[in-house]
Amino acid sequence: MTQLFPMQAIAIESRRRGQRLVGPIDLTLGGQGATVVIGPNGAGKTTLLQLLHGTARLSAGQINWACTTEEARHHQGFVFQRPVMLRRTVLENLIYPLRLRGVPKDKARKAAREWAARVGLEPLLGRAAPVLSGGEQQKLALARALICKPKLLFLDEPCAALDGRATREIEMILQTAKADGTRLILSTHDLGQARRLADDVLFLVGGRIHEAGRADTFFNQPETEEAQAFLRGDIVE
Amino acid sequence: MVDIWSGIAQAFWLVATLDAELVEIAGRSLRVTLSALVVACLIALPLAALVAVKRFRARRLVIAVLNALMGLPPVVVGLVVYVLLSRSGPLGVLGLLFTPSAMIIAQVIIIVPLIASIAHQSIRELWQEYHDLLISMNVTQTQKIRTLLWDSRRALLTAALAGFGRAIGEVGAIMIVGGNIDHATRVLTTAIALETGKGEFALALALGFVLIGLAVAVNLAIHWLGRTEREGRW
Amino acid sequence: MKHWFIGAISALALGSAAQAADVMKMAVTTSFNNSGLADVLLPEIAADLDIDVQLLVVGTGQAIKLGEAGDVDAILVHSRSAEEAFVEGGFGSHRTEIMYNDFVFIGPKEDPAGIATSDAAAGALTAIAETEANFVSRGDDSGTHKKELSLWTEAGLDPATFGDWYNAVGAGMGAALNTASGMPAYVMSDRASWLNFGNKGELALLYAGDPVLFNQYAYLPVNPKLHDHVKNDLALRLEEWLVSDRAKSLINDYKINGETLFVFNAKPAE
Chain A
24 MTQLFPMQAI AIESRRRGQR LVGPIDLTLG GQGATVVIGP NGAGKTTLLQ LLHGTARLSA
84 GQINWACTTE EARHHQGFVF QRPVMLRRTV LENLIYPLRL RGVPKDKARK AAREWAARVG
144 LEPLLGRAAP VLSGGEQQKL ALARALICKP KLLFLDEPCA ALDGRATREI EMILQTAKAD
204 GTRLILSTHD LGQARRLADD VLFLVGGRIH EAGRADTFFN QPETEEAQAF LRGDIVE
Chain B
398 MVDIWSGIAQ AFWLVATLDA ELVEIAGRSL RVTLSALVVA CLIALPLAAL VAVKRFRARR
458 LVIAVLNALM GLPPVVVGLV VYVLLSRSGP LGVLGLLFTP SAMIIAQVII IVPLIASIAH
518 QSIRELWQEY HDLLISMNVT QTQKIRTLLW DSRRALLTAA LAGFGRAIGE VGAIMIVGGN
578 IDHATRVLTT AIALETGKGE FALALALGFV LIGLAVAVNL AIHWLGRTER EGRW
Chain C
5 MKHWFIGAIS ALALGSAAQA ADVMKMAVTT SFNNSGLADV LLPEIAADLD IDVQLLVVGT
65 GQAIKLGEAG DVDAILVHSR SAEEAFVEGG FGSHRTEIMY NDFVFIGPKE DPAGIATSDA
125 AAGALTAIAE TEANFVSRGD DSGTHKKELS LWTEAGLDPA TFGDWYNAVG AGMGAALNTA
185 SGMPAYVMSD RASWLNFGNK GELALLYAGD PVLFNQYAYL PVNPKLHDHV KNDLALRLEE
245 WLVSDRAKSL INDYKINGET LFVFNAKPAE
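If you're matching them up, the sequences are chains A, B and C in order.
The working numbering numbers the first residue of the first sequence as 24 and each following residue consecutively.
The working numbering numbers the first residue of the second sequence as 398 and each following residue consecutively.
The working numbering numbers the first residue of the third sequence as 5 and each following residue consecutively.
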């Protein structure tokens, strides 16, 4: 059984064209629960997630997993703010990541149907994914990420473009995933969502971790001024 | 005007009676062009996909060259292939000059840039759409290319049909490398040129109408085949 | 999908491979092809010799070039000087005369230059040049073209000095006749192409008969010492057939609208 955690990020930075986007950041993550990354827009939440996932290149520093980076990558999933749908049916979208890993067709189909049922997309299995509504697409993206049973799931503002009902459905699926043992790292600028989902909080401002800690501590007794301002609803830069 | 009507009438008659020479020539036209199409697609489509996804320094140059090659005059291609395949030329030992194989080679050279350019456009667009997802899923280069090729298959079909249209109507190159030999390398377009040269305008027109009909039929057939394969809506 | 690909490629391979008889390639001139004689001779050759003769119909100039390059096994042309140069250059092993036909002058029915009453070919051409009537020339370095040029020279005229009335089209006999029909213009054609031509329009045969207009066809096998891949054995068997009595009767009996086109004049093989 591959163990990803604990993960250690040491002085990681991301620079583009000489400008520092994110970092230096030092971070240690354990293998339980949901970590929510919050902060004002432009704080670098997306970039941080991409750095940890490995889809953005580190300009400095390193990330160490309990296993190799290769293996870690194999057990991760990523859900984007705007879902990327393959131009295929819902069923085929769900099958795709399994087929990539060499899972035989019939097994993959079975798993796909199960997951479609779990997220309430069963009646839409034969529908072309690009014509689904925003909420349906994001549920599909989430199911597609979870179908490979990742040990770690990144979500980049997954409900930013969704209405209340879709948001609730997504959050329910996430709670179930968390209960099943999937580690979640999720960014959001919706404070309500952060309160609902977080076990730990990383508060990002200007590309650096301004404050970090357990959720109840952060929300009830924030230490820094910026955190207090942010929680009050003020604009923080 | 009389010629056009008698041309249509003659075309109808030739087809209705399944005139033996017409069937032979039309069959050869189809064989040569469809073979060229298959070979050209096998070269152009993976090439287009590779150029669309691989990051390399000369990428823009390659794309520009591909686009420019679309404008290659077919007759010049024929001439160059002729010189290469002639017995006194470097590839003379293959003995391919004045055979249908030479015609296929010439047509492949002519349509590969066309198919590759059109295909590349669509594949590139799709790659930009799928980029984040596929990278996140850690796909290998091969998986990447196969996914892109499959999901853009409608557009690729269009590219292939464009190539087919270019090839089936081509006459200059295949006249030069094929020699328009009766019962060996004569096809519809070269036969039209021949009959026109003999002053047989009605027959030439008839062959022309058959050629148009054939091209339209193949287009329709390929579209129909494509649609009945899946119930997809795009 | 896969099965379709494999099927298509096999069909192509089979299509190209199916050849039962021996095959040889011969370059012939457009004049010869347009006469229709080839359509008579080829089936007989296939039946008698089991040889499938593939004809490349080109102008004399290109036929010679094909022979020099070794892209064909033999040539049948009608330009004596070019043929002799061919043999001298070592490209052909020898030259065998087979038959002759004649050239005729074609022109608009009204005959603006009045060539119908000429007593010699040179006179006809002089008349055309003096009236500056439209004239179409092959202009393609073919046997017909070379003949035409030699006739102008004999009449003491130089085509390079001619005005716009002289049109060199750079094409085969059929295309040249088409152009002449469209203008209308005078044109020198071989009798066979004229008789077989389908678009006569306003044109008519105006002058013929001058012995200088006779047109000798010769057969030249490509030299196997220069190109060892040529099918010289087939070429020689064909030559034997072409000078035989069988060919003689086929050629002399070939008529269009009751008119004989070619006169067999080969000397039998020794």
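Here a beta-carbon is modelled for each residue, glycine too, at the ideal position from N, C-alpha and C.
Query, Result
"Proximity test, Cβ basis, 7 Å: Leu60/C and chain B", "yes"
"The alpha helix (DSSP H) enclosing Thr91/A, as first and last residue numbers", "Thr91/A -> no alpha helix (DSSP H), and no H or E assigned at all."
"Any C-beta of chain C under 7 Å from that of Glu421/B", "no"
"Any 3 or more C-beta pairs closer than 8 Å across the region 204-222 of chain C and the region 74-86 of chain C", "yes"
"Proximity test, Cβ basis, 7 Å: Asp144/C and chain B", "no"
"Exposed unless 16 or more other CB atoms sit within 10 angstroms - verdict on Arg188/A", "exposed"
"Leu74/A versus Glu115/A: straight-line alpha-carbon distance, rounded", "29 Å"
"Buried versus exposed, by CB contacts within 10 Å (16 or more), Leu442/B", "buried"
"N-terminal and C-terminal residue of the alpha helix (DSSP H) that Pro471/B is part of", "Pro471 to Leu482"
"Inter-residue CB distance, Val478/B and Ala503/B (contact presumed, cutoff 8 Å)", "5 Å"
"DSSP three-state assignment for Tyr258/C, whether helix, strand or coil", "coil"
"Asp400/B beta carbon less than 7 Å from that of Ala599/B", "yes"
"Neighbour list for Ser365/B in chain C, Cβ cutoff strictly below 7 Å", "Since the first and last residues shown for chain B are 398 and 631, residue 365/B lies out of range."
"Residues that DSSP places opposite Ile208/A in a beta bridge", "Thr58/A and Phe177/A"
"Any C-beta of chain B under 7 Å from that of Val107/A", "yes"
"Inside the region 130-190 of chain A only - beta strand (DSSP E) runs reaching at least 3 residues", "175-179"
"Pairwise C-alpha distance: Pro188/C and Ala556/B", "46 Å"
"Through-space distance from Leu207/A to Met108/A, alpha-carbon basis", "22 Å"
"Cutoff 8 Å; reference Ser483/B; Cβ partners in own chain excluding five residues on either side", "Gly489 and Leu494"
"Closest residue to Gly46/A among Leu121/A, Val59/A, Leu81/A and Val224/A (Cα-Cα distance)", "Leu81/A"
"Nearest-angstrom beta carbon gap, Leu60/C and Leu70/C [assumed within contact, 8 Å]", "7 Å"
"Whether Ser498/B touches Ala552/B by CB criterion (7 Å)", "no"
"Chain-order list of residues whose beta-carbon lies under 6 Å from that of Pro510/B (same chain, five-residue window excluded)", "Leu463, Leu466 and Met467"
"Residue from Ser210/A, Met30/A and Gly67/A whose Cα sits closest to the Cα of Leu52/A", "Met30/A"
"Arg133/C versus Asp579/B - alpha carbon distance", "The sequence given here has Ala at residue 133/C, not Arg. Roughly 39 Å separates the two Cα atoms."
"Coil, strand or helix - Met285/C by DSSP", "Nothing can be reported for residue 285/C: it is not among the residues displayed for chain C, which extend from 5 to 274."
"Stretch-stretch touch, CB-based, cutoff 8 Å, three pairs: the region 86-101 of chain A with the region 208-221 of chain A", "no"
"Separation of Thr544/B from Arg521/B, as counted between CA atoms", "12 Å"
"Of the listed residues Asn227/C, Ala196/C and Pro225/C, nearest to Ala212/C (C-alpha basis)", "Ala196/C"
"Nearest candidate by alpha-carbon position, reference Asp223/A, set Ile86/A, Leu121/A, Pro245/A and Gly149/A", "Pro245/A"
"Spatial distance of Met177/C from Met572/B (CA atoms)", "17 Å"
"Chain A contact for Ser533/B (CB, 7 Å cutoff)", "yes"
"Interface flag, Phe166/C vs chain B, CB-CB below 7 Å", "no"
"Chain B residues whose Cβ lies nearer than 7 Å to that of Gly202/C", "Lys595, Gly596 and Glu597"
"Contact with chain A by Ser403/B, beta-carbon distance below 7 Å", "no"
"Any chain A beta carbon closer than 7 Å to Gln518/B", "no"
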